[in-house]
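The next block holds one structure in the form of structure tokens; read it before the comments.
In the numbering used here, the protein residues as written are 212 to 651.
What follows is the structure in structure tokens.
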């Protein structure tokens, strides 16, 4: 068995070898590469992903990393900063040394490539297999309690070829460290206590149950036999993407303009209130998008724009429901001032029900959908909530204020002249019918 150690900054030379000091001449890249290793060691990479990988390989996988003295190693480890976003993850060359960190970015390592044993136990032709002990060679990994004391351990079982390679490796590197690496980051760096030839081994150390389970999962599932098949590929240029975005914004602007024209023609002063409410809603939406962009990195895509275009209709529908209820009350002979509170009570239930259905549909769509559809569902749901805020806190109070003004509450000015005339006609018709009944 071999004992696990969570991390160390001075790993043994057999498996973890010194790194280069960024200030030492031996560590500097060739002049033609023009790579500033000091900047790379501080986590400053090129904006070009391909160039960033090349910079990382040049500085952090320099073959000279395994030939430096211990003092230079200590200086290099001190100069190196574990990057938050590492361009080298999954892109390192296993045949070269590697300056890297653990997954928590709390410990630094210099990993040396595996060298062939000098006792002739492994032939040169088989060395590539010997040095490539991967997760595919592991049959199972299980976390459990330590039978020899308190704590937790990880029990590994290798496949036949993996057990043979593991036995050869441990026999040649007793008392050395070996790194368990996932995506170019060190997961564990245990010491090899003895040669392990039985095809199974145990990692022990200062593990909690969560640590042991996590390590077992990495060893068991770190190399899944999955393959992906591209079903569709499409390249969209920046110009085409901008054109699509502009087309979406133009479509939304046209829809909003048509709503404005309809409201002004049909509701007049109430239509002006609708326009003000929609404008306020747009300001709130913009502010929310800015905040979401800063807090969680939210970006507005074409699907999100489509959601906002649909929400224009939902918001306008809330105003129409309120105003039509107002007309119904005035057709029954009530004044504008007395009709507003009654119309609001009746229309409020309808608005709440409609927006609740829209929000639930958006929430369900967001949960079960994938890709850009989530953007559509998110913006539609957010706009639905903002619709309630605007209608309840802005539109209804403004209509109530207008109804209390003698100058502004003129039925024809607010687009309710037809409702008032209908009420007059109904009263006249009712009076004519009453007269006819008396004559009979």
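Every residue, glycine too, gets a C-beta built ideally from N, C-alpha and C.
Review point. Name the DSSP bridge partner or partners of residue 313?
Key: Start at 1 with the first residue of the chain shown, and residue 313 comes out as number 102. 397, per the DSSP bridge assignment.
Check your understanding: My guess is that residue 534 and residue 478 are in contact by the Cβ rule of under 8 Å, so how many angstroms apart are they, rounded?
Key -> Counting from one through the chain shown, the residue named residue 534 turns up at place 323. Counting from one through the chain shown, the residue named residue 478 turns up at place 267. With 8 Å as the limit, residue 534 and residue 478 qualify as a contact, their Cβ atoms being about 6 Å apart.
Review point. Is the CB-CB distance between residue 395 and residue 300 below 7 Å?
Key: As a first step, residue 395 must be located in the chain shown, where it is residue number 184. As a first step, residue 300 must be located in the chain shown, where it is residue number 89. Between residue 395 and residue 300, the gap from beta carbon to beta carbon is short of 7 Å.
Exercise for review: Can you tell me the Cβ-Cβ gap for residue 625 and residue 480, rounded? I've got them flagged as a contact below 8 Å.
Suggested key: The residue labelled residue 625 in the question sits at position 414 within the chain shown. The residue labelled residue 480 in the question sits at position 269 within the chain shown. About 5 Å separates the two Cβ atoms, so the contact holds.
Point to revise | Distance CB(residue 298)-CB(residue 256) smaller than 7 Å | key: Locating residue 298 in the chain shown gives position 87, where the first residue counts as 1. Locating residue 256 in the chain shown gives position 45, where the first residue counts as 1. Closer than 7 Å, so yes.
Review point. Quick one: is residue 358 near chain C, going by C-beta distance under 7 Å?
Key: Protein chains in the displayed structure number just one, and chain C is not present.
Check your understanding: Below 7 Å between beta carbons: does that hold for residue 310 and residue 271?
Key -> As a first step, residue 310 must be located in the chain shown, where it is residue number 99. As a first step, residue 271 must be located in the chain shown, where it is residue number 60. In this structure, residue 271 lies closer than 7 Å to residue 310 by Cβ.
Check your understanding: Among 499, 602 and 254, which has the Cα closest to the Cα of residue 507?
Key -> Sequence index remark: in the chain shown, residue 507 carries index 296 (1-based). The shortest C-alpha separation from residue 507 is found at 499.
Check your understanding: Given a threshold of 16 other Cβ atoms within 10 Å of its Cβ, counted over all protein chains shown, does residue 591 qualify as buried or as exposed?
Key -> On the chain shown, residue 591 is found 380 positions in, with the first residue counted as 1. When all chains shown are included, residue 591 counts as buried.
Review point. With 16 as the cutoff for other CB atoms within 10 Å, does residue 618 come out buried or exposed?
Key: Position 407 of the chain shown, counted from the start, is the residue given in the question as residue 618. Residue 618 comes out exposed.
**Study point:** Under 7 Å between C-beta atoms of residue 363 and residue 423
**Key:** For the purposes of this step, residue 363 is taken as residue 152 along the chain shown, with counting starting at 1. For the purposes of this step, residue 423 is taken as residue 212 along the chain shown, with counting starting at 1. Yes, Cβ-Cβ distance for residue 363 and residue 423 is below 7 Å.
**Study point:** Same chain only: Cβ atoms within 8 Å of residue 236, ignoring 5 sequence neighbours per side
**Key:** To locate residue 236, count along the chain shown from 1; it is residue 25. Confidence at residue 236 is low in this model, with a pLDDT of 42, below 50, so the placement of that residue should be treated as unreliable; the coordinate-derived value is given next. So the list is empty, once near-sequence residues are dropped.
Point to revise | Close Cβ partners of residue 485 (< 6 Å) along its chain, the five nearest in sequence each way excluded | key: Within the chain shown, numbered from 1, the residue matching residue 485 stands at position 274. Result list for residue 485: 474 and 530, in chain order.
Review point. Is residue 301 helix, strand or coil by DSSP?
Key: For the purposes of this step, residue 301 is identified with residue 90 of the chain shown, where counting begins at 1. In the three-state scheme derived from DSSP, where H, G and I count as helix and E and B as strand, residue 301 is classed as coil.
**Study point:** Member of 355, 306, 347 and 420 whose CA lies at the smallest distance from the CA of residue 273
**Key:** On the chain shown, position 62 is the one that residue 273 refers to. Closest by C-alpha distance to residue 273, out of 355, 306, 347 and 420, is 306.
Review point. Are residue 293 and residue 268 close, meaning C-beta to C-beta below 7 Å?
Key: The sequence position of residue 293 within the chain shown is 82, counting from 1. The sequence position of residue 268 within the chain shown is 57, counting from 1. Judged by their CB atoms, residue 293 and residue 268 are not nearer to each other than the 7 Å cut-off.
**Study point:** Run of the beta strand (DSSP E) containing residue 415, from where it starts to where it stops
**Key:** For this step, residue 415 is matched to residue 204 along the chain shown. From DSSP, the beta strand (DSSP E) with residue 415 extends over 411-418.
**Study point:** Coarse secondary structure for residue 275, derived from DSSP in three states
**Key:** Indexing the chain shown from 1 puts residue 275 at position 64. The DSSP-derived three-state label of residue 275 is helix.
Point to revise | 7 Å Cβ shell around residue 614 - same chain, five flanking residues per side excluded | key: By 1-based counting over the chain shown, the position of residue 614 is 403. If we look at residue 614 and ignore the five residues flanking it on each side, its Cβ neighbours are 547, 548, 551 and 620.
Practice item. Determine the direct distance from the alpha carbon of residue 519 to that of residue 467, and round the result to whole angstroms. Key: Position 256 of the chain shown holds residue 467. Position 308 of the chain shown holds residue 519. The alpha-carbon of residue 467 is positioned some 11 Å away from that of residue 519.
Practice item. Enumerate in chain order the residues of its own chain whose CB-to-CB distance from residue 491 is below 8 Å, with the five nearest sequence positions on each side excluded. Key: By 1-based counting over the chain shown, the position of residue 491 is 280. Residues 601 and 605 of the same chain have their beta carbon placed closer than 8 Å to that of residue 491, with the five preceding and five following residues left out of the count.
Check your understanding: Which residues does DSSP pair with residue 363 in a beta bridge?
Key -> Counting from one through the chain shown, the residue named residue 363 turns up at place 152. The partner list for residue 363 (beta bridge, DSSP) reads 356 and 418.
**Study point:** Pick from 483, 283, 412 and 399 that is closest to residue 425, judged by C-alpha positions
**Key:** Looking up residue 425 in the chain shown gives position 214. When C-alpha distances from residue 425 are compared across 483, 283, 412 and 399, the shortest belongs to 399.
Review point. So, residue 414 versus residue 365, is the Cβ gap smaller than 7 Å?
Key: As a first step, residue 414 must be located in the chain shown, where it is residue number 203. As a first step, residue 365 must be located in the chain shown, where it is residue number 154. Going by C-beta atoms, residue 414 is nearer than 7 Å to residue 365.
**Study point:** Distance, residue 302 Cα to residue 559 Cα
**Key:** By one-based count along the chain shown, residue 559 stands at place 348. By one-based count along the chain shown, residue 302 stands at place 91. Their Cα atoms are separated by approximately 59 Å.
Review point. Counting along the chain, where does the alpha helix (DSSP H) carrying residue 376 start and finish?
Key: Position 165 of the chain shown, counting from 1, holds the residue named residue 376. Run containing residue 376: 371-383, per the alpha helix (DSSP H) assignment.
Check your understanding: Mapping DSSP to helix, strand and coil, what is residue 484?
Key -> Counting from 1 along the chain shown, the entry for residue 484 is found at position 273. In this structure, DSSP gives residue 484 a helical state, which the three-state scheme calls helix.
Check your understanding: Cα separation between residue 627 and residue 537?
Key -> The residue given as residue 627 occupies position 416 in the chain shown. The residue given as residue 537 occupies position 326 in the chain shown. Using only the alpha carbons, I get a separation of about 9 Å.
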